[in-house]
Every structure is written in structure tokens, then in C-alpha cells.
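Trainee: Handing you this structure, nothing more for now.
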Amino acid sequence: MPESLFDRLAVGQTAPIVTEPVTLVIFGGVGDLAHRKLLPALYNLHLDGLLPPRFAAVGVGRKVLSDESYRDFAKDGVTEFSRRPFDGAAWQRFAETLFFVNASIEEGGTLAPLGARLDILEHDRGLPGSRIYYLAVPPSLFVPTVKQLAAAGLLARPSTSSRRQEPVTTETDAPPFPRLIVEKPIGRDLASACAINDAIAEVFSERQIYRIDHYLGKETVQNILVLRFANSIFEPLFNQKYIDHVQITVAEEEGVGTRAGYYEQAGALRDMVQNHLLQLLALVTMEPPYSLDADVIRDEKLEVLRSLQPIDRTAVVKQVVRAQYAAGYEIGAAVPGYRDEPGVAKDSRTETFVALKAFIDNWRWAGVPFFLRTGKRLPKRASEISIHLKEVPPILFNRTPPGSLDPNVLSIRIQPDEGFALTISSKVPGPRVRIYPVKMDFRYSSTFGATSPEAYERLLLDVMAGDATLFMRRDAVETAWRWVRPILEAWSEQADAPLPTYAAGEWGPIEADRLIESTGRQWRQP
Amino acid sequence: MATAVADRTWRDSSPETIEADLAALWIDLARQAPVVRALMANLVIFRERPAGERIDLSAPIDDVPVDEVSRLHPSRVILLHHARGAREARSPIAAAIGAFTFGPPRARYGVEQIALRSTCAEASLPSIVRRLTLGDLPTSLWWADDLSQAAPVAALVAMARQLVYDSRRWHDVREGVLALAPLLAGERETDLVDLNWRRLTPLRQAILHAVGSARPTADMKLAGGRIRHRPGDDALAWLFAGWLSSRLESTSDPRAPLLMEEAPGGDDILTVSFSDAFITATMNEHRVIVSSQDDVAPFVTAAPRETEAEAVASELRSLTPDVCLRDTLLALSRRFSSG
Numbered sequence: 000m001p002e003s004l005f006d007r008l009a010v011g012q013t014a015p016i017v018t019e020p021v022t023l024v025i026f027g028g029v030g031d032l033a034h035r036k037l038l039p040a041l042y043n044l045h046l047d048g049l050l051p052p053r054f055a056a057v058g059v060g061r062k063v064l065s066d067e068s069y070r071d072f073a074k075d076g077v078t079e080f081s082r083r084p085f086d087g088a089a090w091q092r093f094a095e096t097l098f099f100v101n102a103s104i105e106e107g108g109t110l111a112p113l114g115a116r117l118d119i120l121e122h123d124r125g126l127p128g129s130r131i132y133y134l135a136v137p138p139s140l141f142v143p144t145v146k147q148l149a150a151a152g153l154l155a156r157p158s159t160s161s162r163r164q165e166p167v168t169t170e171t172d173a174p175p176f177p178r179l180i181v182e183k184p185i186g187r188d189l190a191s192a193c194a195i196n197d198a199i200a201e202v203f204s205e206r207q208i209y210r211i212d213h214y215l216g217k218e219t220v221q222n223i224l225v226l227r228f229a230n231s232i233f234e235p236l237f238n239q240k241y242i243d244h245v246q247i248t249v250a251e252e253e254g255v256g257t258r259a260g261y262y263e264q265a266g267a268l269r270d271m272v273q274n275h276l277l278q279l280l281a282l283v284t285m286e287p288p289y290s291l292d293a294d295v296i297r298d299e300k301l302e303v304l305r306s307l308q309p310i311d312r313t314a315v316v317k318q319v320v321r322a323q324y325a326a327g328y329e330i331g332a333a334v335p336g337y338r339d340e341p342g343v344a345k346d347s348r349t350e351t352f353v354a355l356k357a358f359i360d361n362w363r364w365a366g367v368p369f370f371l372r373t374g375k376r377l378p379k380r381a382s383e384i385s386i387h388l389k390e391v392p393p394i395l396f397n398r399t400p401p402g403s404l405d406p407n408v409l410s411i412r413i414q415p416d417e418g419f420a421l422t423i424s425s426k427v428p429g430p431r432v433r434i435y436p437v438k439m440d441f442r443y444s445s446t447f448g449a450t451s452p453e454a455y456e457r458l459l460l461d462v463m464a465g466d467a468t469l470f471m472r473r474d475a476v477e478t479a480w481r482w483v484r485p486i487l488e489a490w491s492e493q494a495d496a497p498l499p500t501y502a503a504g505e506w507g508p509i510e511a512d513r514l515i516e517s518t519g520r521q522w523r524q525p
Numbered sequence: 000m001a002t003a004v005a006d007r008t009w010r011d012s013s014p015e016t017i018e019a020d021l022a023a024l025w026i027d028l029a030r031q032a033p034v035v036r037a038l039m040a041n042l043v044i045f046r047e048r049p050a051g052e053r054i055d056l057s058a059p060i061d062d063v064p065v066d067e068v069s070r071l072h073p074s075r076v077i078l079l080h081h082a083r084g085a086r087e088a089r090s091p092i093a094a095a096i097g098a099f100t101f102g103p104p105r106a107r108y109g110v111e112q113i114a115l116r117s118t119c120a121e122a123s124l125p126s127i128v129r130r131l132t133l134g135d136l137p138t139s140l141w142w143a144d145d146l147s148q149a150a151p152v153a154a155l156v157a158m159a160r161q162l163v164y165d166s167r168r169w170h171d172v173r174e175g176v177l178a179l180a181p182l183l184a185g186e187r188e189t190d191l192v193d194l195n196w197r198r199l200t201p202l203r204q205a206i207l208h209a210v211g212s213a214r215p216t217a218d219m220k221l222a223g224g225r226i227r228h229r230p231g232d233d234a235l236a237w238l239f240a241g242w243l244s245s246r247l248e249s250t251s252d253p254r255a256p257l258l259m260e261e262a263p264g265g266d267d268i269l270t271v272s273f274s275d276a277f278i279t280a281t282m283n284e285h286r287v288i289v290s291s292q293d294d295v296a297p298f299v300t301a302a303p304r305e306t307e308a309e310a311v312a313s314e315l316r317s318l319t320p321d322v323c324l325r326d327t328l329l330a331l332s333r334r335f336s337s338g
């Protein structure tokens with residue numbers, strides 16, 4: 000069969016990142032997420048030449064702003080939060096793509112004015128009507144917004160303009176599409192997650208929905224698959240025969256800050272464990288996918304989530320620790336306890352810390368404990384996965400306690416100081432046999448020099464390119480909720496049980512130490 | 000020994016931005032020439048400084064060989080210049096970061112230093128240090144001050160795997176031992192490292208050898224002895240006495256009088272003689288000589304010569320707790336506690 004012209008030209012070429020001309024509509028366009036993350040991410044994509052040549056970003060919000068005012072708002076965000084310095088010339092071209100529309104979902108308004116403005120913009124800018132709707136709004140507005148989009152007829156749209164004729168190498172002739180980006184949390188339990196997913200599914204097909212877990216956009220998280228499946232040294236060891244246990248820590252230094260309204264309803268289990276930590280767990284433990292196709296990878300991750308050993312209500316006390324931060328110190332200064340934070344109830348039982356022990360009931364990981372830990376007001380901001388290999392036999396160099404050797408540990412640092420390290424035992428130079436744990440360390444910053452793209456840059460680009468690999472599928476979200484459900488139920492039944500506390504600036508409560516120390520292991524501090 | 004620092008770069012920083020500033024510093028250094036960021040451990044160095052004293056955080060410290068230790072045992076050095084006695088919890092008032100590079104241009108490696116000036120309540124000190132230590136590296140605390148004058152901050156000690164100090168700096172041996180007593184009684188073991196105790200190693204080994212080589216006698220005891228020490232080496236003498244006491248409790252009366260006397264003049268650091276065992280051991284800067292009344296020639300062993308930096312680096316590389324030192328301090332602690 001003769002090769003096509005495309006096949007022949009493609010030899011030796013890397014595939015281009017194909018991004019369609021698109022209109023990005025950001026609900027919550029003047030919110031914190033847009034200011035700190037989304038607009039700076041778009042600016043950096045613009046600097047990298049990765050935005051489609053024809054592009055518009057439209058902020059939507061309750062405020063009444065002109066396009067110029069919105070550009071000023073975006074400029075502030077870019078100046079303060081962009082990973083690369085502000086460039087006046089580049090900014091001018093980028094700013095021309097920014098617009099603002101006033102609309103309010105909460106107050107029963109319609110999105111018809113938005114539709115009219117989008118039509119005009121797309122016509123003027125030669126955009127085909129492909130739209131990405133980004134729900135950077137509170138979860139309570141997910142469903143109303145989607146319903147309003149449908150009611151206003153903003154989804155199934157024909158092209159409203161003729162394409163310009165200049166050659167654009169990264170565009171295709173695909174028909175206009177609607178896509179939806181949903182920020183976590185998707186619900187606050189299994190029932191509400193299903194309700195949200197059902198409501199969205201009435202309007203968008205699953206292939207059009209991109210559920211963001213921004214952790215999955217981080218370079219180091221993406222590197223987990225490369226580390227495992229592009230190196231022959233690690234993967235043969237990733238199983239119960241060689242791995243003693245795995246720890247996943249996502250530590251935040253900040254307190255609840257201005258998010259008390261949300262956090263009081265969520266807590267650490269819903270806010271972090273159900274999504275970020277379980278996604279990291281799935282990436283580290285999944286079976287090798289047979290291809291890098293989005294659904295193939297997501298199928299394998301789903302298998303892990305389904306293999307998680309259920310923690311039934313009676314086991315929650317033994318396997319899960321929750322706690323709340325009390326007054327303590329941050330970088331030497333006194334900070335208040337959670338219940339003294341603005342907006343937090345004085346008798347709040349919302350957990351700011353969770354540590355748990357989990358098992359994966361499959362052939363590869365049977366019997367290997369996974370210790371997951373997350374919390375606010377911990378000593379430092381750090382996210383890390385550490386894979387602890389089994390000890391060498393107690394002979395030769397590991398013979399006499401207390402001189403036992405430190406086991407090998409492969410640690411994957413997700414943030415900050417992205418990279419990974421392997422600790423190995425080495426002889427200290429000299430006539431005697433003395434052994435010291437040395438570290439083979441890889442750091443993105445010093446190895447590749449430039450700063451890594453922010454997670455939102457990668458994720459926004461992927462949505463534009465239609466690549467759903469780094470996004471959560473409905474079945475994974477609901478499986479994760481199903482797994483944490485007994486924990487939530489057990490906690491709700493223990494309304495009178497004392498809630499452990501930990502001093503701000505400490506690595507969690509003593510109960511968390513006991514959880515792991517009862518197995519003869521210790522938390523590893525990032 | 001001269002410090003072989005090829006380059007020394009310091010920048011002002013703030014307590015909140017130390018990590019980001021360090022990352023930027025390393026990127027800048029790498030742009031100039033390839034450099035490997037070497038990290039074997041966290042080394043926290045505590046120095047008490049009066050509250051009003053002005054401190055140049057980037058200046059080398061005269062009496063603590065930080066750079067040389069860093070070169071020998073590449074560590075993230077966290078230098079804490081702390082004014083004790085404050086009751087308020089507050090952030091450090093100044094911070095600076097530095098990178099020292101060593102070695103030839105084609106094999107350059109570097110270590111990083113963080114210097115902080117703090118005047119806060121001791122309870123809040125761990126929150127300053129904890130966020131700067133790298134959790135996957137052993138953490139050692141080097142107490143560069145005389146801990147017989149002010150006990151080490153317990154909360155800092157609890158963070159460390161090792162506490163390094165030098166009893167030669169002690170003005171009061173009894174107070175020094177009693178300052179360490181809480182660490183000996185605690186549930187969690189901290190590996191204590193006394194640089195002065197390290198100097199005693201050849202003497203202990205020589206005596207062990209002499210006793211092992213002697214004609215065995217049923218009533219051989221190392222009791223009723225006399226310890227003469229050079230001025231300023233009373234801590235060393237007491238460590239020796241404590242070691243004997245801890246090891247011979249079952250065979251000797253721990254309260255048996257060990258005469259301790261200062262011997263001005265001469266090269267000998269320590270001379271120990273036991274009338275019962277007819278053994279005399281003498282240690283000077285170069286060697287240890289053990290003689291007995293047997294017909295055999297004296298046993299002579301060399302005393303290793305090392306700088307303070309070499310001693311510290313060697314101890315930092317040893318992660319096995321020193322059971323002997325612990326027992327010695329326990330014995331001394333019991334002795335001093337009972338008056």
C-alpha cells in the first residue's frame with residue numbers, strides 16, 4: 000500500500016501540537032483562580048507561541064468591567080504571578096485577545112448577552128465558534144451555569160464566520176466544538192458528584208468534559224510515567240516483592256486563609272485526598288498502559304482505584320487519622336489555630352489534616368501499605384511521593400542493630416524543587432567499613448535550567464488540543480468518592496469523638512505518627 | 000589548613016523566600032560554569048549572639064570552621080545566630096543565602112548556606128528551622144557554644160539525628176554533663192557527638208589493648224587510680240573517669256576514689272595510673288604510651304592528627320549512635336547529680 004504524502008513528509012518529524020482556533024470563556028473571570036493562574040498561564044502560552052493564531056479569552060463575571068479594565072486586571076495578575084517577567088511588547092498582542100462580559104448566574108440572569116457578544120467577537124476575529132467554557136466558579140454554580148449555557152443555545156454552534164485564508168499550520172478543518180472545563184471539587188460526596196456529573200452529561204458528552212486536577216498538569220507528575228516506563232531500572236522493582244511501603248505527602252504551609260467558606264464544607268479529605276492524593280497513588284501504582292492514548296491511561300488508573308481495599312467504617316479508627324491545626328508558629332511567628340481563623344466556626348470539626356493507611360488488592364501491590372498524608376499549616380509546602388524499598392537481609396553490612404542501614408528510597412518531588420532522588424548506601428572513604436546514605440539527585444531547575452511550565456499552561460493547552468489524558472474521567476471521580484465514602488460516614492457518626500489537634504508548624508498530630516509507627520515505619524519528612 | 004573555597008557567593012534574602020532565592024542562585028551559578036550541588040546532610044549550627052549585636056550574615060565565622068566542614072561533608076548549612084531570652088514569637092529579622100564552590104573548574108561542586116538572625120521565643124525556633132531542612136537527608140545540630148553555660152534548645156535537639164558539641168569549650172564540666180542529662184533520659188535517642196571524646200579514642204583503645212595483653216590475674220582492677228590532666232583538659236579527664244565508671248560498675252566500686260589533678264606544664268594531655276593494675280597510660284598530642292610493671296615493652300600507639308573540621312566531618316558521616324559516650328555521660332550524670 001503506497002504511503003500517503005503526509006506519511007512521507009512526516010518521517011522524522013515530531014507531530015505538531017494542534018490547537019484549534021478557539022474562544023475561551025472563563026466563568027469566574029475576575030476570580031482568584033483567573034487572576035493568579037489562568038490569565039498568567041495564557042500569557043505564558045502566548046509567549047511560547049502555543050496559543051492558536053486565532054484566539055480570544057472572554058472573562059465572565061458579576062462585576063461590570065470594560066474590556067480595558069479587564070485587561071488591566073489581567074495585567075496585574077500576569078505581572079505578579081507569571082513565571083516569566085512581564086514583556087510590554089508581548090503583552091500588547093496578548094491583551095488584544097482579552098475581553099469581558101458581565102453576566103450573573105447566581106441572580107437568575109441569562110447568558111443571552113454573552114452569546115451575542117461571543118457571536119460578534121468570533122465574527123470579527125474570524126473564529127469558527129469552537130468554545131471552551133471554563134467553570135472557575137464555586138461548585139454550587141456548576142450545574143446552573145451548564146444549564147444556562149444550554150438554555151442560551153451556546154453549545155451546538157455552526158461556524159459563524161468564514162475562515163481567513165492565511166495558512167495556519169496548527170489548525171485543522173474540524174467542525175466547531177464546545178468543551179467544558181470543570182474545576183475540582185466535583186461534589187462533596189458520591190451522591191452529589193453523581194448529581195453534578197448527571198446534570199453536566201445532559202448537556203455535554205463525556206468526551207467534551209475536562210475535569211481538572213491541576214496536580215496532573217505538573218511536570219513531575221507527568222514524569223512519573225516516564226520514570227516508570229522509560230527506564231528499565233525501576234519498573235521491575237515496583238511490586239510487593241521489592242517495595243516495603245509507599246508514602247505520599249502533600250503538605251501546605253498556609254492556613255485556610257480566605258477560603259474558610261469553602262473549606263468548612265470540604266475539609267482535607269474532600270479537598271485533597273479524594274482527588275490529588277488518589278490520582279498520585281494511581282499514577283505510581285498503575286499497570287503499564289499499552290499506549291499513551293488518553294483513555295488507555297485513564298483505564299489503567301481507574302483499575303487502581305477500583306483495586307483499593309475498602310476501608311469499612313470499623314476500620315476507619317485504625318487506618319485513618321484526622322486532625323485540626325491549633326495555634327502554633329510559622330517561620331517563627333505566632334499563627335492562630337483553625338477555629339480562630341476568620342469565617343471558621345468556633346466549634347468546627349472540619350479536618351485540616353488527614354493521614355491514612357491504604358492497601359491495593361491486586362497481584363502487584365498485595366500487602367504493601369500506602370501511607371497518605373496531607374494537611375494545612377505544616378512546616379513547609381511540599382508534595383512528595385517516596386517509594387521505600389525493602390531492607391537488605393540482616394547479614395553482612397546490615398547485621399548489628401542499632402547500626403542498621405537505611406533502606407533505599409526513591410523520592411519524587413512534585414513541588415517545590417521538582418525532581419527525584421534515590422538514596423543508596425555507600426562506603427565512607429577510609430580504612431573501616433562505615434556506611435552512609437548518599438543521594439543521587441535530579442533537579443529540574445538545575446538540569447534543564449529554565450523554569451517548568453505551570454500546570455495550568457499544560458492543562459489549558461491540552462484542552463485546546465483535545466487531549467484528555469491529564470484530566471479525570473467521570474468513572475474515576477466517582478470511584479474515588481466511593482472509596483472515601485465509608486470514611487466520611489464513619490466521621491459523621493463520630494460527632495462527639497474528640498478531634499485530635501496539632502500545633503501549626505508541626506508535621507501533624509501524634510496520632511499520625513502512631514499510625515505509621517505501629518507498623519514499624521516512620522514518616523519521611525520532605 | 001586553608002579552606003579551598005573556589006568561590007563564595009552571598010545574597011540577601013528573606014525568611015519567606017529562602018528556597019526560591021537559593022534556586023535562583025544555583026541557576027545563576029550554573030550559567031557561569033557547570034557546578035554540582037552537593038548535599039549529604041543538613042547541618043544546623045547554633046550560635047548565641049546578644050540581641051543588640053550587629054551581625055554580618057555573609058561574613059565567615061572565626062571560631063567555627065563552617066566552610067571547611069562543608070567542603071569535607073557537603074551539607075545544607077543552616078546558621079542560626081540567635082539571641083536567647085526573647086518571649087515573643089516572631090520571624091527571623093534577617094536572612095542571607097550563600098553558595099560555596101570547591102574544586103577545579105571541570106569538577107566543581109558547591110554547597111549552600113543559609114544564615115538567619117533570630118530573636119524569638121525558643122518555642123518558635125523549630126518552625127524556622129524545620130521548613131529549611133531537607134527531610135530526606137540526616138540532620139545534625141552543631142552546638143558551637145559552651146553548653147555548660149546555657150543548655151541546648153530542646154526543641155532543636157529533638158529535630159536532629161545528631162547533636163555535635165565540644166566539651167573542651169566547657170567552663171564547667173558538671174554543668175555541661177547535667178545540661179545533657181535530659182537527652183540521655185529521653186524516650187527518643189539523639190546521637191551525641193563530643194569532639195573532645197573523640198580525642199580520647201586512642202587512649203581508650205590503648206588501655207583496652209594493654210589489659211587484653213596483660214597476664215590475667217583474678218583480682219585485676221582498674222580502681223584506685225589517679226588522673227593528671229593538662230590545664231583546660233578537665234572535661235577530657237572526667238570523660239575518661241566516666242568511661243571507666245560505666246564499664247567497670249560490676250567489678251569495681253563506682254565510688255572508688257579517682258584522684259583528679261591538674262598538671263601544669265609539659266606536653267602530656269592526660270596521664271592515668273592505676274595502683275592496683277600497675278598500669279600507667281599517658282597521652283600527648285602525638286601518641287599514647289601504656290606501660291606496666293610486666294617485663295614487656297611499653298605499648299605505643301599514635302594519636303591521629305586532625306583539624307576540628309576533619310573531626311566534625313568524620314562524625315557527621317557516622318550515623319551510628321556512640322553507645323560508649325552515652326554510657327559515660329550517664330555515669331557522670333549520676334555522679335554529679337548525687338553531689
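Residue numbers (numbering that gives the first Met the number 0), protein chains in the order written: chain V, 0 to 525; chain X, 0 to 338. Cβ atoms here follow ideal geometry from the backbone N, Cα and C, with glycine treated the same way.
Considering only residues of the same chain and omitting the five flanking positions on each side of Asp144/X, which have a CB-CB separation below 8 Å?
Mentor: Hits under 8 Å: Phe45, Arg46, Glu47, Arg168.
Trainee: Determine the chain X residues that contact Asp416/V at a beta-carbon separation under 8 Å, and present them in chain order.
Mentor: Glu18, Ala22, listed in chain order.
Trainee: Where do the N-terminal and C-terminal ends of the alpha helix (DSSP H) with Trp237/X fall, by residue?
Mentor: Taken as a continuous stretch (DSSP letters only), the alpha helix (DSSP H) holding Trp237/X covers 233–247.
Trainee: With a threshold of 8 Å between beta carbons, is Gln273/V in contact with chain X?
Mentor: Answer no: the Cβ-Cβ gap between Gln273/V and chain X never drops below 8 Å.
Trainee: Comparing alpha-carbon positions, which option in Leu377/V, Glu488/V, Cys193/V lies nearest Trp506/V?
Mentor: Out of Leu377/V, Glu488/V, Cys193/V, Leu377/V has the C-alpha closest to the C-alpha of Trp506/V.
Trainee: Contact criterion: CB-CB distance below 8 Å. Does Ala243/V meet it with respect to chain X?
Mentor: First, the residue type needs correcting, since residue 243/V is Asp and not Ala in the sequence shown. It does not: the Cβ of Asp243/V has no partner Cβ on chain X nearer than 8 Å.
Trainee: Helix, strand or coil for Asp243/V, going by three-state DSSP, please let me know.
Mentor: Strand, per DSSP.
Trainee: Exposed or buried, Pro341/V, counting other C-beta atoms within 10 Å across all chains shown (16 or more means buried)?
Mentor: So Pro341/V ends up on the exposed side.
Trainee: Under 9 Å, CB to CB, which of the residues in the region 86–100 of chain X have a partner in chain V?
Mentor: Against chain V - using a Cβ distance shorter than 9 Å - the residues of the region 86–100 of chain X are Glu87, Ala88, Arg89, Ser90, Pro91.
Trainee: To which residues of the same chain is Gly504/V closer than 6 Å at the C-beta, ignoring the five residues directly before and after it?
Mentor: So the list reads Gly327, Tyr328, Glu329, Pro378, once near-sequence residues are dropped.
Trainee: Name the one or two DSSP bridge partners that Trp141/X has.
Mentor: Trp141/X is bridged to Ile44/X, Val163/X.
Trainee: Report the rounded CA-to-CA distance for Arg523/V versus Gln264/V, giving the unit in angstroms.
Mentor: Distance between the alpha carbons of Arg523/V and Gln264/V is about 30 Å.
Trainee: Pick out whichever of Gly336/V, Ala293/V, Ala151/V has its Cα sitting closest to the Cα of Ala111/V.
Mentor: Among Gly336/V, Ala293/V, Ala151/V, the Cα nearest to that of Ala111/V belongs to Ala151/V.
Trainee: Cβ of Asp440/V less than 8 Å from any chain X Cβ?
Mentor: Yes - at least one Cβ of chain X is within 8 Å of the one on Asp440/V.
Trainee: Taking all protein chains shown into account, decide if Glu52/X is buried (16 or more other Cβ within 10 angstroms of its Cβ) or exposed.
Mentor: With fewer than 16 Cβ atoms within 10 Å of its Cβ, Glu52/X is classed as exposed.
Trainee: Quick check on this structure: which residue in Gly254/V, Ile25/V, Pro20/V has the alpha carbon closest to the alpha carbon of Val59/V?
Mentor: Measuring from the Cα of Val59/V, the nearest candidate turns out to be Ile25/V.
Trainee: Which word fits Arg472/V, buried or exposed, when buried means at least 16 other C-beta atoms lie within 10 angstroms of its C-beta?
Mentor: The residue in question, Arg472/V, is buried, as its Cβ has 16 or more Cβ neighbours within 10 Å.
Trainee: Count the other C-beta atoms from every protein chain shown that fall within 10 angstroms of the C-beta of Ala229/V, then say buried if there are 16 or more, exposed otherwise.
Mentor: Classification for Ala229/V: exposed.
Trainee: Would Glu516/V be called buried (16 or more neighbouring beta carbons within 10 Å of its own) or exposed?
Mentor: Answer is exposed; the Cβ neighbour count stays below 16.
Trainee: Report yes or no: is there a C-beta of chain V within less than 8 Å of the C-beta of Arg325/X?
Mentor: Output row for Arg325/X: interface = no.
Trainee: Kindly list, in the order they appear in chain C, the residues whose Cβ is closer than 7 Å to that of Gln524/V.
Mentor: Here the protein chains are V and X, and chain C is not one of them.
Trainee: What residues of chain V sit near Pro14/X, judged by a beta carbon separation below 8 Å?
Mentor: The answer, in chain order, is Ile330, Gly331.
Trainee: Determine the DSSP secondary structure at Asn101/V, reduced to helix, strand or coil.
Mentor: In this structure, Asn101/V counts as strand in the three-state DSSP scheme.
Trainee: Determine which residues of the region 109–127 of chain X have a Cβ less than 8 Å from any Cβ of chain V, and write them out in chain order.
Mentor: Hits within the stretch, in order: Ser117, Cys119, Ala122, Ser123, Leu124, Pro125, Ser126, Ile127.
Trainee: Would a C-beta distance cut-off of 8 Å place Phe277/X and His208/X closer than the cut-off?
Mentor: No, Cβ-Cβ distance for Phe277/X and His208/X is not below 8 Å.
Trainee: Have a look at Leu136/X and Gly418/V and give me their C-alpha separation to the nearest angstrom.
Mentor: Looking at the two C-alpha atoms, the distance is approximately 15 Å.
Trainee: Can you tell me the Cα-Cα spacing of Arg89/X and Leu131/X, whole angstroms?
Mentor: In a straight line, the C-alpha of Arg89/X is about 16 Å away from that of Leu131/X.
Trainee: Using beta carbons (cut-off 8 Å, strictly below), is Ser317/X in contact with chain V?
Mentor: By this cut-off, Ser317/X is an interface position.
Trainee: What are the complete beta strand (DSSP E) segments, minimum 3 residues, inside the region 385–473 of chain V?
Mentor: Those beta strand (DSSP E) runs which fall completely within the region 385–473 of chain V and span 3+ residues are 408–414, 418–426, 434–442.
Trainee: Note down, in chain order, every chain X residue with its Cβ under 7 Å from the Cβ of Tyr435/V.
Mentor: Those within 7 Å of Tyr435/V in chain X are Arg316, Leu318.
Trainee: Find the nearest neighbour of Ala332/V within the set Ser117/X, Gly109/X, Arg105/X, judged by alpha-carbon distance.
Mentor: The candidate whose alpha carbon is nearest that of Ala332/V is Ser117/X.
Trainee: With 8 Å as the threshold, decide whether the Cβ of Ala322/V is near any Cβ in chain X.
Mentor: So, not an interface residue.
Trainee: Against chain V, with Cβ distances strictly below 8 Å, would Arg129/X count as a contact?
Mentor: It does: the Cβ of Arg129/X has a partner Cβ on chain V nearer than 8 Å.
Trainee: Does DSSP put Leu120/V in a helix, in a strand, or in coil?
Mentor: Helix, per DSSP.
Trainee: With 8 Å set as the bound, which would you pick, yes or no: does the beta-carbon of Leu329/X sit closer than that to a beta-carbon of chain V?
Mentor: No, because no Cβ of chain V sits closer than 8 Å to the Cβ of Leu329/X.
Trainee: Does DSSP classify Arg83/V as helix, strand or coil?
Mentor: Three-state result, Arg83/V: coil.
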